[in-house]
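Report on one structure; see the data block that follows.
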Ligand code: HPA
């Protein structure tokens, strides 16, 4: 039973993983975003997979989410800590903020989003009332607290299709719907993990104010990259804190 980290924009590599090997896993759904990086971080065994590929070349709507989750399941992964960049909608969730969402709304379309299709014995509807695993959410929050970071507990993630950013009117709609942050990769990743019975929680890193939140301003990739560069240093500290903590249950010492 192993722990995996799925990295998002700004987290295509994790430095400091020791004893590294790379494993190419083929799945019935095609290729994952890259070979799995398997190694040891802070003395804990960990599997790392960058969602957009090691060179950050796979756009959100073309990530093979099913292959990624399937490959992790093949490695006996039972917990996933995901990291994802988002745009901030809620006034408290501005650039540089770290959020551990507790809800999501899915606006994506046309993405293969279930393992339950094809020649099935029966139809299965997974429970998804609470899309994120509470104990893993607390793992993130506790690490944030131990490091003295201002991590926000809870919020609703709106998953949009991308790869373009939203219009101001779309963001107003997300706001009316109750979304606090907006990103492009949260779904179907979360539901596939649920179907695969892998615990899953996400740490959202606010890269920019969502489109139109500040009248007249547009969203620039330069701004996003600059903010993420700073914030990912904190994310790396959070991940190290989690793996280096006393929580021996999370820290498996048998190699995946
Ligand atoms: N919208 C959608 N996804 C994002 C954004 C955004 O503003 N910023 C980072 N990922």
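Numbering (the working numbering), first residue to last: 6 to 261. Backbone N, C-alpha and C fix where the C-beta goes; we use that ideal spot for every residue, glycine too. Fair warning: this is a prediction, and the values are worked out from it, not measured in the lab.
- Look at residue 183 here: in three-state DSSP terms it is coil, with no helix or strand label.
- In the pairwise beta carbon analysis, the region 98–110 is classified as touching the region 203–219: at least three pairs are separated by under 8 Å.
- Restricted to the region 130–180, the alpha helix (DSSP H) segments that are unbroken, complete and at least 4 residues in length are 139–151, listed in chain order.
- Residue 115 sits away from residue 56, with the two beta carbons spaced by 8 Å or more.
- Under the criterion of beta carbons closer than 8 Å, residue 15 and residue 170 do not qualify as touching, at roughly 16 Å.
- Per the coordinates, the alpha-carbon of residue 175 lies some 10 Å from the alpha-carbon of residue 182.
- For residue 45, the enclosing beta strand (DSSP E) has its first and last residue at 41–46.
- Per DSSP, the beta bridge partners of residue 214 are 93.
- Using a cutoff of 7 Å, the CB of residue 165 counts as near ligand 1, since one of the ligand's heavy atoms is closer than that.
- Measuring C-alpha to C-alpha distances from residue 90 to each of 22, 167, 199 and 197 identifies 167 as the nearest.
- Residue environment analysis places residue 139 among the exposed positions, since fewer than 16 neighbouring C-beta atoms fall within 10 angstroms of its C-beta.
- For residue 149, the CB contacts under 7 Å within the same chain, skipping 5 residues up- and downstream, are 103, 156 and 243 in chain order.
- Under the three-state reduction of DSSP output, residue 249 falls in the helix class.
- Spatial neighbours of residue 28 in its own chain (CB-CB distance under 7 Å, excluding positions within 5 residues in sequence) are listed in chain order as 40, 41 and 43.
- The beta carbon of residue 82 sits no closer than 7 Å to any heavy atom of ligand 1.
- Here residue 173 has 216 and 217 as same chain residues with Cβ atoms under 6 Å from its own Cβ, once five neighbours each way along the sequence are excluded.
- In the three-state reduction of the DSSP assignment, residue 27 falls in the strand class.
- For residue 74, the shortest C-beta to heavy atom distance toward ligand 1 is 7 Å or greater.
- For residue 193, no beta strand (DSSP E) encloses it; the enclosing alpha helix (DSSP H) starts and ends at 191–200.
- By the neighbour-count criterion, in which 16 or more other beta carbons inside 10 Å mark a residue as buried, residue 121 falls on the exposed side.
- The secondary-structure analysis by DSSP pairs residue 35 across a beta bridge with 32.
- The alpha-carbon separation between residue 249 and residue 118 amounts to approximately 34 Å.
- Here the alpha carbon of residue 35 sits roughly 9 Å from the alpha carbon of residue 73.
- Judged by DSSP secondary structure, residue 108 falls within the beta strand (DSSP E) whose first and last residues are 108–111.
- Under the DSSP assignment, residue 77 falls in the alpha helix (DSSP H) whose first and last residues are 70–79.
- Residue state for residue 255 is assigned as coil, using DSSP reduced to three classes.
- Cβ neighbours of residue 224 within its own chain (closer than 6 Å, five residues either side excluded): 170, 213 and 216.
- Shown here, residue 234 sits in a helix according to DSSP, grouped into three states.
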